[in-house]
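Asker:
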Amino acid sequence: MTITEYSLGLQRGMWDVSLEAVGPEPAKISNEEFASRQQRLFSQLRPNDLLIITAPDESTRSNDVHYPYRSSSDMLYLCGWEDPEAVFTAFNDDGKWVTTLFVQPKDILQEIWEGRRPGVEGAVKNWPIDNALSHDELNDSLSNMLVKCSRVLVKLGVDSTVDGLVDNEIKSNSRERQKFGLGPVSIIDPSRMINELRLRKSEAEIRLMRHSAKIAAQAHIQAMAHTKPGVGEWQLEGIIEGLFKYCKTSGTAYPCIIGSGENATILHYTVNDDTCDDGEVILIDAGCEYNGYASDITRSWPVSGKFSDAQAEIYQIVLDAQLAAIDECRVGNSYDAPHKAARRVLAEGLIKLGVIEQSLEEALGSDGELNKWYMHNTGHWLGMDVHDVGVYMPDNEPRLFEEGMVITVEPGLYFGAWRPDVECPERYANLGIRIEDDVLITKDGPDVLSGDCPKTIANIESIVGTA
Ligand code: GLY
Ligand code: MN
Ligand code: MN
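Mapping to the working numbering: the sequence shown position 454 is 454, numbers consecutive.
1) At 3 residues or longer, and completely inside the region 70 to 129: list those beta strand (DSSP E) runs for me, N to C.
2) Count Cβ pairs between the region 204 to 215 and the region 275 to 284 that sit closer than 8 Å; are there 3 or more?
3) One question on the structure: do Val331 and Glu403 come within less than 8 Å of each other, judged by their Cβ atoms?
4) Taking the runs of the alpha helix (DSSP H) that are 4 residues or longer, which of them lie wholly in the region 301 to 382?
5) Rounded to whole angstroms, what is the Cα-Cα separation between Leu323 and Phe244?
6) Examine ligand 1 and report whether any of its heavy atoms sits within less than 7 Å of the Cβ of Glu410.
7) Is Thr298 a contact residue of ligand 3, with contact defined as CB to any heavy atom under 7 Å?
8) Identify which residue in Asp94, Lys306, Asp320, Ala123 has its Cα closest to the Cα of Phe102.
9) Got a sec? Which residues, its chain only, sit under 6 Å from Val152 by beta carbon, not counting five neighbours each side?
10) Should Glu436 be listed as close to ligand 3, given that the test is whether its C-beta is under 7 Å from any heavy atom?
11) List, from N- to C-terminal side, the alpha helix (DSSP H) runs of 4 residues or more that fit wholly inside the region 194 to 257.
12) Which residue from Met224, Cys247, Gly251 puts its Cα closest to that of Ile258?
13) List the residues that DSSP assigns as beta-bridge partners of Gly432.
14) Assuming Ser212 contacts Tyr335 under a Cβ cut-off of 8 Å, what Cβ separation, rounded to an integer in Å, is found between them?
15) Near Lys214, what residues of its chain come up, given a Cβ to Cβ distance below 6 Å and the 5 sequence neighbours on each side ignored?
16) First and last residue of the alpha helix (DSSP H) that includes Leu146?
17) Taking 6 Å as the limit between beta carbons, can you name the residues of its chain near Gly432, skipping five residues before and five after?
18) Kindly indicate the opening and closing residues of the alpha helix (DSSP H) around Leu165.
19) From what residue to what residue does the alpha helix (DSSP H) around Leu156 run?
20) Less than 7 Å separating the Cβ of Asp285 from some heavy atom of ligand 3?
21) Based on the DSSP output, what are the partners of Ser62 in its beta bridges?
22) From Ala27 to Arg434, what distance separates their C-alpha atoms?
23) So, Val406 versus Leu382, is the Cβ gap smaller than 8 Å?
24) Ser450 and Ile297 - do their beta-carbons sit closer together than 8 Å?
25) Are Arg116 and Asp107 closer than 8 Å when you measure CB to CB?
26) For His339, is the beta carbon positioned less than 7 Å from some heavy atom of ligand 2?
27) Label Trp113 either buried or exposed according to how many other C-beta atoms from any shown protein chain fall within 10 Å of its C-beta, with 16 as the threshold for buried.
28) Taking C-beta to C-beta, are Ile351 and Ala363 nearer than 8 Å?
Okay, here's the thing in structure tokens:
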């Protein structure tokens, strides 16, 4: 074997074990499914409505370099179009909803520099739409559509060109409207309708989310295996992000949180520039985006490979709280049942350890002592956005879980000794633990999409430092 073959073999070994564990790539969302999503939305509209779905502009990172482009989740959800300068519209023509997608036109010079474009022809041929037009025609075409509608359904504040056109049409058409009743009279945000659709995941979406979670689980396992005293938080970040790319994701779903020691007590710590020291616990919150779907996993483990007694005491309370919360993720339960269950177990555990010297009822009260050490919610919807859409309290009533909803379950305890607002128990000083999984609600109970990621003390200790 040559040196090159040998070193290639070594590298491939580590990544390919994870790839194998992740399994084959699931199918992308089909055009039939996009069409059915569109129809479910259209069925809630009125015949004279004009629906406009916008996407953000590209944003500049520095000088003439852009951030990697990511379209709006609503655009991706309704038609799967990923490129910038896109607008999706739908209006009702004699009982049939007609969709038009405005796209970047073919432009050989731009394509030589920045990549191939499907253009108008490619869009009509391969995407779930009736018509495509060049984005250059947006002004004229959209104005024509606006004149004919009575309500515009558009989320303002995303695409300033569209906002301007809508605003203009509402203002300028008042004479026509008075004479003939033409032109838009109201603007409605369609988000609420789309969010309700997005909240319940289809079989195809669940396959993509499970795949996303499987990749994130492997990334955590690799990070555990590569953790040794002296390793940099940024080095573990490199392993995680490298694996995300190796598994063909578009990268992280949110900036990785990789905090060792006191950094673990900062909920959204993303500097990741510290060294992991012997005796510390490291908390990693990292998830990827696979074909538009996020995963969101947190694990906490000892840098040395072995939890101290004090660390294990807190870890076990958080794990027990997480398991109790997951068990509440059942059809018909209130969305906050997991939060209530987690808080109860955390409070009981801290009372037992003497960290909280209040009754259980007092500890759980709105100004009870649990808030000092557990200050966030236990979960959020997960989907195309990491903090996914969906109203938690529709009509001021708690949402009840239904099949196909996906929620994270992520209790934690954080003892920041650096905090001036609390007196931190010395035994747990600068210890931060969070355990987070992605849970699908099914008729048979909770299905932990991120279940490949180890979380018992014994399983974690058997992996840390073994790479
Ligand atoms: N990763 C951010 C969160 O868990 O909410
Ligand atoms: Mn989360
Ligand atoms: Mn998270």
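For every residue, glycine included, the Cβ atom is placed at its ideal position computed from N, Cα and C.
Answerer: On the basis of the supplied data:
1) With a minimum length of 3 residues, the continuous beta strand (DSSP E) runs that stay inside the region 70 to 129 are 87 to 93, 96 to 103.
2) Touching, no.
3) Between Val331 and Glu403, the gap from beta carbon to beta carbon is short of 8 Å.
4) DSSP runs (the alpha helix (DSSP H)) wholly in the region 301 to 382: 309 to 326, 337 to 353, 360 to 364, 370 to 373.
5) It is roughly 27 Å from the alpha-carbon of Leu323 to the alpha-carbon of Phe244.
6) For Glu410, the shortest separation between its Cβ and any heavy atom of ligand 1 lies below 7 Å.
7) Under cutoff, so the answer is yes.
8) Considering only alpha carbons, the answer is Ala123.
9) Here the set comprises Leu50, Val166, Pro184, Ile187.
10) Of the heavy atoms belonging to ligand 3, at least one sits nearer than 7 Å to the Cβ of Glu436.
11) DSSP runs (the alpha helix (DSSP H)) wholly in the region 194 to 257: 203 to 225, 233 to 246.
12) Restricting attention to Met224, Cys247, Gly251, the CA atom closest to the CA of Ile258 is found in Met224.
13) BP columns for Gly432 point to Tyr414.
14) With a beta-carbon spacing of about 22 Å, Ser212 and Tyr335 fall beyond the 8 Å limit used to define contacts.
15) Excluding positions up to five away in sequence, the list reads Val22, Asp452.
16) Counting along the chain, the alpha helix (DSSP H) containing Leu146 begins and ends at 138 to 148.
17) Residues of the same chain with a CB within less than 6 Å of the CB of Gly432, apart from the 5 flanking positions on each side, are Ala264, Thr265, Leu283, Tyr414 in chain order.
18) Its alpha helix (DSSP H) spans residues 160 to 172.
19) For Leu156, no alpha helix (DSSP H) encloses it, and the DSSP letter there is neither H nor E.
20) Answer for Asp285: yes, Cβ within range of ligand 3.
21) In the DSSP secondary-structure assignment, Ser62 is bridged to Val65.
22) Just so you know, the alpha carbons of Ala27 and Arg434 end up roughly 32 Å apart.
23) Inclusion of Val406 and Leu382 in the CB contact set at 8 Å is warranted, their separation being smaller than that value.
24) Yes, the Cβ-Cβ distance between Ile297 and Ser450 is below 8 Å.
25) Inclusion of Arg116 and Asp107 in the CB contact set at 8 Å is not warranted, their separation being larger than that value.
26) For His339, the Cβ stays outside the 7 Å cut-off from all heavy atoms of ligand 2.
27) The residue is exposed, with fewer than 16 neighbouring Cβ atoms inside 10 Å.
28) Going by C-beta atoms, Ile351 is nearer than 8 Å to Ala363.
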